[in-house]
Amino acid sequence: MRNRRFLVLRRAAALVLFLALAQAPAWAHDLQAELPPLFRQRIADIENRLAAPDGILSARDASNAALAQLALGGDPGVAEALLRQVFAAQDPETGALPWLLRGGEVKDDNANEFGVQSWGPILIGFRDRLSPAAQRELEAHARLALRALGRSVDVNYTNIYLMNAVDTLLIGQALGDAQALARGRALLDAWRSAVHDHGVAEFASPTYYSTDLNSLTVAYRYARDERDRTTIRNILDFFWVDLSLSLVNGKLVGAHSRDYDPIHGAGYISLFLGNLGCGKCALPVDQIIEKIYPYLNALPGGYRAPPGIEALNRVNPRWILARWSADPAAVRSLYVDGGAAMGATAQGNLSSTSKVFAIDLLRDDGPQVTISFIASERDLGYGQTVPMGRGRRHSGAIGLNPVIAQSKDWALGSFSVSKSGDPDAQPISLSLILPRYANEIRVNGAPLAADRRLNDDVRTIFVRVGRSCAAIRILAADASQPAEVRDDAPQQAQEAMRVLWRTDRDHLQLSFLAHAASCGGLGAAEWIAQLETAPLANRSDGAQMSLAAQAPGNAPMRIVRNAAPRGRAMLIDAPGRGAGGVLSANGVDYADVLYQGWPRGFERAQ
């Protein structure tokens with residue numbers, strides 16, 4: 024009887040999928056067509072791991088595989104078996120989950136949020152696919168999970184805070200638990216209030232924005248109270264305003280928090296960018312089971328960005344200012360001019376994986392290389408990762424300690440890099456990443472020659488890709504060795520090359536002036552001349568160094584840094600410091616979208 028029921032349900036699910044494909048926009052059609060075979064392959068892989076005595080399996084993968092199995096109309100018995108693996112590992116008192124169910128031990132409290140992320144959606148959307156016994160088990164373990172979800176998460180830990188809020192909201196709704204439902208709503212309200220005050224802390228991350236959207240889009244799909252749906256839709260509108268403003272030619276450009284692809288700036292966010300008409304976004308296939316969330320969003324009834332938000336992506340040029348901390352100097356800026364984009368974070372205590380300065384000169388096809396600086400004490404100049412065991416890896420990069428003033432298409436900046444104290448550390452290196460496919464690259468005015476030491480200090484670097492140009496003037500670099508040009512990228516970064524500075528000392532400082540925009544009919548010599556003739560003022564009294572620059576037609580820029588190594592960077596003058604609102608473009612502040620949604624006058628696509 025059960026097998027017969029399963030066949031009926033599977034045929035019904037296939038019919039629903041067929042109708043969805045027939046009615047879906049092109050980007051949603053692509054996800055609906057391409058992801059299911061990958062899901063099925065990953066579910067089979069997880070089942071094989073369960074069968075192997077030494078198979079490694081996380082609570083996160085098992086729970087998400089159960090959701091994928093049910094969403095695709097697969098055998099519910101497989102989903103129940105996967106869920107029971109997670110149930111068996113749950114602490115009967117605290118409700119906490121381990122990160123790994125099999126194959127070792129990883130300490131990570133976030134296992135609670137990731138491990139139960141699918142439970143609310145299963146209970147709300149697929150409860151009737153489960154046997155009565157499995158329904159009762161899931162309800163009991165979900166109720167227990169609310170204890171673990173009751174922990175306090177910093178509101179600035181964006182991806183985990185939002186996941187905790189949505190997990191709590193949906194489980195509370197599914198169980199009819201008014202207290203949990205109220206807590207989930209209160210968490211979302213607190214996050215919205217914090218962002219309305221000082222912006223998204225984990226800003227523009229190609230990886231963690233997708234984690235945020237996994238949570239928010241699944242909440243939009245399964246929340247039943249219209250007030251909750253409105254709150255979530257308004258938050259999603261705000262995220263999509265940010266994404267639309269920061270997307271150029273299918274790439275998320277500008278400065279990024281927590282960017283795990285330092286060369287290309289790619290990440291799982293591409294799975295959501297079809298909502299912005301992103302026809303050039305590649306679909307990543309690794310760790311694919313978690314991408315059940317963008318798949319569900321692509322089905323009818325998922326979130327769709329209003330047309331007015333999509334139109335922001337076509338505004339050119341655009342000057343974007345956004346905050347990411349309560350510190351008034353914690354501003355990120357981005358200027359987009361055609362296929363050229365330059366962005367920076369003014370200053371702040373950012374992780375070593377954050378991209379604090381970025382220039383993108385976009386080409387029509389192929390992977391896009393971001394021009395940026397990467398510091399390392401393992402000579403991992405392309406941001407390669409180092410193994411940490413159990414399949415986990417960590418970036419070999421170290422923090423740049425930046426202070427950067429940007430005035431539209433010009434930027435004045437300084438880095439102060441210090442050794443981390445790692446006993447295995449090597450001398451500090453600082454690499455400027457360049458796209459080796461560029462139509463033109465010049466160092467000190469001469470065409471680039473790879474794999475050689477430079478006879479002179481690096482003064483200027485010019486890059487042209489198509490009709491987009493960038494020039495960087497190195498004002499000072501206290502490296503102890505001559506700079507080099509290296510064409511030594513690993514396989515995963517083969518489109519890149521670098522200019523390399525190294526020092527045997529414990530600290531390295533570098534300051535620069537940069538200009539990036541459409542070439543405007545000017546050649547390399549004219550671009551370099553603009554930098555070399557820009558008025559500069561450089562002062563130092565031994566305790567502090569001060570740099571000021573005045574770019575043609577732009578606002579003045581000035582930065583100050585304590586001269587001592589590890590000295591505090593102090594931004595003095597920069598357009599956007601203490602102004603520009605939480606998220607603004609060309610003077611229009613979009614902070615109120617968090618509460619009001621996209622302004623009236625645009626038809627909302629449902």
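Residue 24 is where the sequence shown starts when you use this note's numbering, and the numbers rise one by one after that.
The beta carbon of each residue, even a glycine, is placed where N, CA and C say it ideally should be.
Subject >> At least three beta-carbon pairs within less than 8 Å, the segment 174 to 187 to the segment 213 to 221 >> reply: Output reads yes: the segment 213 to 221 touches the segment 174 to 187.
**OP:** Could you check the C-alpha separation between A227 and D510 for me, to the nearest Å?
**Re:** Their Cα atoms are separated by approximately 29 Å.
Original post:
When you compare only the Cα positions, how much space is there between N339 and E400?
Top reply: So the alpha carbons of these two residues sit roughly 39 Å apart.
Original post:
Going along the chain, which residues of its own chain have a beta-carbon closer than 6 Å to the beta-carbon of I343, five neighbours each way excluded?
Top reply: Excluding sequence neighbours, I343 sits near L268, L357, A608.
**OP:** Give the single residue among G148, A246, P622, I258 whose Cα lies nearest to the Cα of L193.
**Re:** Checking every option, the nearest Cα to that of L193 belongs to A246.
**OP:** For W433, name the three-state secondary structure that DSSP assigns.
**Re:** Three-state DSSP puts W433 in a strand.
**OP:** Return the first residue and the last residue of the beta strand (DSSP E) that N630 is part of.
**Re:** With the chain covering only 24 through 629, there is no way to say anything about residue 630.
Original post:
Where do the N-terminal and C-terminal ends of the beta strand (DSSP E) with R170 fall, by residue?
Top reply: Here R170 belongs to no beta strand (DSSP E); instead the alpha helix (DSSP H) covers 155 to 172.
**OP:** Would you mind working out which of D529, A566, W347, F149 sits nearest P446, comparing C-alpha positions?
**Re:** Per the C-alpha coordinates, the member of D529, A566, W347, F149 positioned closest to P446 is D529.
Subject >> Straight-line Cα distance separating A381 from I312 >> reply: When rounded, the distance between both Cα atoms is 31 Å.
Subject >> Assigned secondary structure, S382 (DSSP; H/G/I helix, E/B strand, else coil) >> reply: The sequence given here has Ile at residue 382, not Ser. Here I382 carries a strand assignment [DSSP, helix/strand/coil].
Original post:
How big is the Cα-Cα spacing for A328 and R525?
Top reply: Roughly 46 Å separates the two Cα atoms.
**OP:** Classify N561 as helix, strand or coil using the three-state DSSP reduction.
**Re:** DSSP places N561 in strand when its eight states are reduced to three.
Original post:
Closest by CA to G361, which one among P390, W263, A493?
Top reply: Of the candidates P390, W263, A493, the one whose C-alpha sits nearest the C-alpha of G361 is A493.
**OP:** Pull up the DSSP beta-bridge partners for W342, would you.
**Re:** Bridge partners of W342: Y358.
Original post:
Secondary structure at E507, three-state DSSP: helix, strand or coil?
Top reply: Reduced to three states, the DSSP call for E507 is strand.
**OP:** Kindly indicate which residue of L570, W142, N585 has the alpha-carbon position closest to the one of D84.
**Re:** The candidate whose alpha carbon is nearest that of D84 is W142.
Original post:
Is E463 helix, strand or coil when you go by DSSP?
Top reply: If DSSP states are grouped into helix, strand and coil, E463 belongs with the strands.
Original post:
Cα separation between H52 and R244?
Top reply: Cα to Cα, the separation comes out at about 18 Å.
Original post:
Which partner residues of S569 appear in the DSSP bridge assignment?
Top reply: Beta-bridge pairing by DSSP links S569 to R562, V583.
**OP:** Please check the pair A420 and T393, which I expect to be a contact at CB under 8 Å, by giving their CB distance rounded to whole angstroms.
**Re:** Rounded, the Cβ-Cβ distance is 14 Å, inconsistent with contact.
**OP:** Let me know if S154 comes out buried or exposed under the rule of 16 or more other beta-carbons within 10 Å of its beta-carbon.
**Re:** Counting C-beta atoms within 10 angstroms of its own C-beta, S154 has fewer than 16 neighbours from the protein chains shown and is therefore classed as exposed.
Subject >> Boundaries of the beta strand (DSSP E) in which S348 is found, first to last residue >> reply: For S348, there is no enclosing beta strand (DSSP E), as DSSP gives it neither H nor E.
Subject >> Start and end residues, alpha helix (DSSP H) containing V101 >> reply: First-last of the alpha helix (DSSP H) with V101: 99 to 112.
Original post:
So what does DSSP say about F295, is it helix, strand or coil?
Top reply: F295: coil per DSSP, three-state reduction.
Subject >> C-beta atoms of L299 and L259 nearer than 7 Å >> reply: No.
Subject >> L169 beta carbon less than 7 Å from that of A203 >> reply: In terms of Cβ geometry, A203 and L169 form a close pair [threshold 7 Å].
Original post:
In whole angstroms, what separates the C-alpha of P115 from that of A205?
Top reply: Rounded to whole angstroms, the separation of the alpha carbons of A205 and P115 is 24 Å.
**OP:** Pull up the DSSP beta-bridge partners for M638, would you.
**Re:** This structure leaves residue 638 out entirely; the chain is present only between 24 and 629.
Subject >> Three-state secondary structure (DSSP) of Q515 >> reply: Note: Q515 maps to helix in three-state DSSP.
Original post:
In the DSSP assignment, what residue or residues form a beta bridge with K274?
Top reply: Partner(s): V271.
Subject >> A539 versus F62 - alpha carbon distance >> reply: Cα to Cα, the separation comes out at about 42 Å.
Original post:
Would you say P48 and L95 are within 7 Å of each other, going by their C-beta atoms?
Top reply: Annotated as distal: P48 and L95, with beta-carbon spacing of 7 Å or more.
Original post:
Where do the ends of the alpha helix (DSSP H) carrying T240 lie?
Top reply: Segment 231 to 245, the alpha helix (DSSP H) holding T240.
Original post:
Identify the residues that DSSP records as bridge partners of S454: which are they?
Top reply: Paired residues: I397, L523.
Original post:
With C-beta atoms as the reference, is A654 less than 7 Å away from S491?
Top reply: In the structure as shown, the chain starts at 24 and stops at 629, and residue 654 therefore has no counterpart that could be examined.
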